[in-house]
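Report on the structure given below.
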Amino acid sequence: MPRTIIVSNRLPIKIQRTEDNLTFQPSEGGLATGLGSIYRADGNLWVGWPGLYVQDESEEEYVRQQLAEDSMAPVFLTEAEIRDYYEGFSNGTLWPTFHYFAQLARYDDVLWEAYKAVNEKFCQAVLAQTGPNDTIWVHDYQLLLLPEMLRKARPDATIGFFLHIPFPSHELFRVLPWREELLRGVLGADLIGFHTFGDMRHFLNSVSQLLGLPSQNGQVETATRTVLVDAFPMGIDYARYAEAAVSPQAQNHVREYREALREVRVILSIDRLDYTKGIAQRLRAFDLLLQRYPEWRSQVSLLMVVVPSRDQVAQYASLKEEIDELVGRINAQYRTISWNPVHYFYRSFPLEELAALYKMAEVALVTPMRDGMNLVAKEFVASKTDQRGVLILSERAGAARELSDALIINPTDTGKLVEALHEALVMPEDEQITRMANMQALVQQYDIFSWTKLFMDRLQYAKEQQLTLATTMLTTKVAQRLVSEYQGAKRRLLLLDYDGTLTPFHNNPQRAQPDQELRLLLRALTDNPNNQVVIISGRDRATLESWLGHLPLDFIAEHGVWLRRAGQEWTLFQELRADWKRDIRPVLDLYVNRTTGSFIEEKDYSLVWHFRRADAELAAGRAREMMSHLTFLASNTDLQVLEGNKVVEIKTAGIHKGTAAARWVSVHEPDFILALGDDRTDEDTFRALPSDAYTVKVGSAPRSLARFRVASTTEVRNLLRQLL
Ligand code: GDG
38 MPRTIIVSNR LPIKIQRTED NLTFQPSEGG LATGLGSIYR ADGNLWVGWP
88 GLYVQDESEE EYVRQQLAED SMAPVFLTEA EIRDYYEGFS NGTLWPTFHY
138 FAQLARYDDV LWEAYKAVNE KFCQAVLAQT GPNDTIWVHD YQLLLLPEML
188 RKARPDATIG FFLHIPFPSH ELFRVLPWRE ELLRGVLGAD LIGFHTFGDM
238 RHFLNSVSQL LGLPSQNGQV ETATRTVLVD AFPMGIDYAR YAEAAVSPQA
288 QNHVREYREA LREVRVILSI DRLDYTKGIA QRLRAFDLLL QRYPEWRSQV
338 SLLMVVVPSR DQVAQYASLK EEIDELVGRI NAQYRTISWN PVHYFYRSFP
388 LEELAALYKM AEVALVTPMR DGMNLVAKEF VASKTDQRGV LILSERAGAA
438 RELSDALIIN PTDTGKLVEA LHEALVMPED EQITRMANMQ ALVQQYDIFS
488 WTKLFMDRLQ YAKEQQLTLA TTMLTTKVAQ RLVSEYQGAK RRLLLLDYDG
538 TLTPFHNNPQ RAQPDQELRL LLRALTDNPN NQVVIISGRD RATLESWLGH
588 LPLDFIAEHG VWLRRAGQEW TLFQELRADW KRDIRPVLDL YVNRTTGSFI
638 EEKDYSLVWH FRRADAELAA GRAREMMSHL TFLASNTDLQ VLEGNKVVEI
688 KTAGIHKGTA AARWVSVHEP DFILALGDDR TDEDTFRALP SDAYTVKVGS
738 APRSLARFRV ASTTEVRNLL RQLL
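38 is the number of the first residue of the sequence shown in the working numbering; add one for each residue after it.
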């Protein structure tokens with residue numbers, strides 16, 4: 038039975054070494070809860086680092102056995118690996134870059150090598166546990182290369198990937214020296230999830246700009262598969278927080294804290310120590326609140342929990358110093374005998390104490406500089422069972438996309454932040470309740486369980502889509518069958534598209550002349566009297582004739598408008614008009630003026646706007662605009678607008694490569710047909726041919742009417758060579 042394997046850097050377990058033993062304690066993170074139902078189910082597994090350096094093989098074996106009982110499989114890492122792969126590349130290079138702190142990022146090949154090696158180690162560990170048809174869900178930035186590594190070993194596996202941190206804008210991402218490898222690594226998955234639409238858009242943009250892979254509706258066409266990219270805002274275990282807030286333990290803590298704080302109102306701040314969380318800026322804002330609104334002195338305290346994290350890293354140590362200093366200064370300046378402005382805790386709390394803090398606080402101040410989602414904001418909302426309380430939330434946390442009833446602020450705008458704090462403290466109760474109720478409904482509905490289910494369902498869907506729509510690769514076996522049928526046939530028809538099929542694309546279409554190898558190949562094919570070789574192209578007849586007219590080839594030019602049999606004159610498929618060009622040409626000229634690098638190709642009966650040389654993103658937008666513009670102009674005429682590979686073409690409707698190809702088939706009655714083509718106009722050819730024809734799609738988009746697919750022009754030439 039296929040199994041599901043979860044993979045993340047860290048296993049959801051805390052192992053502690055006591056004097057003579059190891060203790061195992063499950064960790065309570067949201068992810069562990071959400072995925073619990075999956076990895077604990079029959080035969081499923083969670084693979085990751087157990088957070089412990091083992092001393093010898095027998096200890097390793099012991100840990101392995103203990104974890105196996107709780108459906109976990111450890112990947113043991115050495116101290117050097119943790120230093121270079123985890124603290125080095127993951128937290129020293131990727132974390133700052135992905136959070137827009139590129140100035141803090143290190144670019145070091147040694148760390149990159151360690152990152153690759155540890156991803157490979159994870160890969161081996163997963164492979165040891167999985168079969169070819171298992172579902173694997175990889176988590177987060179420490180394992181960006183893993184999906185592709187797994188894909189190579191398990192081409193048919195169902196692989197999902199989720200990024201818990203933001204994906205930066207292309208301008209930032211491209212700074213990384215290993216950017217292409219990282220993107221390709223992630224694209225090994227079938228489904229790639231982000232917290233927000235913005236992250237998803239940034240990723241797709243990088244994929245298009247750096248790898249040249251376009252996408253439509255979040256679907257990226259790679260050479261071998263369609264990869265689905267989507268936003269899945271992560272939720273929390275709502276019920277758990279709502280229940281914890283009213284639990285007797287939490288109530289006791291609230292009473293205890295209240296006694297100590299008396300009437301003082303509480304603003305709560307909870308984070309891991311991290312420069313992305315905006316902790317120092319938050320302290321400065323609180324300082325300014327006390328300056329600007331002295332009436333809050335003695336009335337309000339900031340209760341700040343900072344959970345120790347990564348404090349071996351220099352940047353974190355200096356952030357800690359900065360926070361210590363700011364807290365010291367604010368407290369020294371404003372404290373009274375009976376009032377402490379900032380209650381600062383540099384440690385973590387058990388869940389029931391945390392619940393008490395959420396319950397007691399009137400305001401939660403969640404102001405990261407950049408945050409993938411931020412679960413603290415959602416936990417605060419879930420804990421407010423009486424619906425009183427105000428959330429102040431940074432617009433740069435993923436959670437802000439959903440929690441629009443919070444007071445949304447720009448965390449660098451200290452002035453506005455102070456005003457938001459003041460507003461929160463004076464907000465009428467009925468407004469608090471309305472806002473909180475809205476947020477609760479949302480956080481409750483999209484909780485961690487629905488998140489998990491949504492992702493897993495979508496992953497299955499992505500895989501099914503791939504299987505139903507994918508054209509199978511032209512394997513060696515199919516190629517052998519093709520060659521043998523070809524050899525047994527007497528009247529063979531070969532329909533060969535030119536650009537992107539026989540020869541690669543060139544920025545300047547006039548420079549894509551046939552090279553020596555291609556000319557010899559076509560010559561050899563035409564030398565065989567059983568072969569009818571047809572070049573079926575969208576190009577104008579003059580170009581085709583000047584490049585290949587010396588060979589005994591047939592030609593179908595301008596997508597079926599002009600036809601020429603070897604050695605004869607050009608004829609029109611049927612009588613056509615071209616006077617429409619007079620009206621349409623100025624429209625295309627307008628787009629050329631607005632889109633640097635694009636140009637118009639004028640053929641006898643069609644006009645083509647080429648944008649291969651223009652800025653990809655800009656031109657893609659212009660192309661969409663032009664498509665709808667021209668489609669509007671062409672309505673109620675017999676014109677047709679087509680989008681091809683980096684071109685938009687307008688021409689007479691009803692004539693296309695398919696109509697021309699069908700004419701060749703009916704005239705010659707071939708007993709073997711091979712048709713090769715790479716773009717949408719070739720789909721017309723594939724559609725027009727009998728079902729036993731060998732139709733072969735060239736290039737990345739796996740969706741096609743063709744029966745088979747090859748990756749590039751190189752494979753096309755290899756295939757044709759096998760026919761000689
Ligand atoms: C990454 C992304 C994304 C905090 N203090 C204590 C404690 N916590 C718990 C909170 C919350 C979790 O830690 C922190 O989660 P965040 O989402 O706020 O932040 P990151 O750790 O940076 O997580 C983030 C997340 O992944 C999920 O995708 O939202 O953007 O950076 O659950 O409650 N828990 C306990 N005691 C504490 O003192 N028990």
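Beta carbons are placed, not taken as given, at the ideal position from N, Cα and C, and that holds for glycine.
Inter-residue spacing [alpha-carbon to alpha-carbon] between residue i and residue j
i	j	result
LYS490	ASP484	10 Å
ALA775	TRP617	There is no way to answer for residue 775, as the model of the chain reaches only from 38 to 761.
TYR178	ALA162	18 Å
VAL463	LEU428	13 Å
ASP552	ARG407	52 Å
GLU432	PHE234	14 Å
THR404	LEU325	15 Å
GLY695	LEU627	31 Å
GLY80	ARG40	6 Å
ASP107	LEU187	24 Å
ARG191	VAL223	15 Å
LEU757	GLY634	35 Å
LEU180	ASN46	7 Å
VAL44	VAL84	5 Å
THR130	MET237	20 Å
SER95	VAL480	46 Å
ALA322	ALA154	44 Å
ASN411	MET664	41 Å
ASP620	SER643	12 Å
LEU559	TYR535	12 Å
ALA436	PHE204	15 Å
ARG661	LEU48	46 Å
Any non-hydrogen atom of the ligand GDG closer than 7 Å to residue i Cβ
i	result
ARG47	no
GLY197	no
GLU293	no
PRO214	no
ARG309	yes
LEU562	no
ASN58	no
VAL413	yes
PRO387	yes
GLU201	One point to set straight first is that residue 201 is His, not Glu, in the sequence displayed. Yes, Cβ of HIS201 sits closer than 7 Å to a heavy atom of the ligand GDG.
LEU180	no
LEU391	yes
GLU106	no
MET271	yes
GLY409	yes
Enclosing beta strand (DSSP E) for residue i [first to last residue]
i	result
MET186	Note, MET186: premise wrong, no beta strand (DSSP E); alpha helix (DSSP H) at 183-190.
ALA594	591-594
LEU59	59-63
GLN677	676-681
TRP174	172-176
LYS734	731-735
DSSP state of residue i mapped onto helix, strand, coil
i	result
ARG746	strand
ARG319	helix
ASN46	strand
LYS32	No answer is possible for residue 32: it lies beyond the span of the chain, which begins at 38 and ends at 761.
ALA110	strand
GLN53	strand
SER206	coil
ILE485	helix
ASN544	coil
GLY85	strand
TRP701	helix
MET664	helix
LEU224	coil
LYS421	coil
For residue i, the first and last residue of its enclosing alpha helix (DSSP H)
i	result
LEU104	94-105
ARG277	275-282
MET122	Position check: residue 122 holds Tyr in this sequence, whereas Met was assumed. Neither: TYR122 is in no alpha helix (DSSP H) and is coded neither H nor E.
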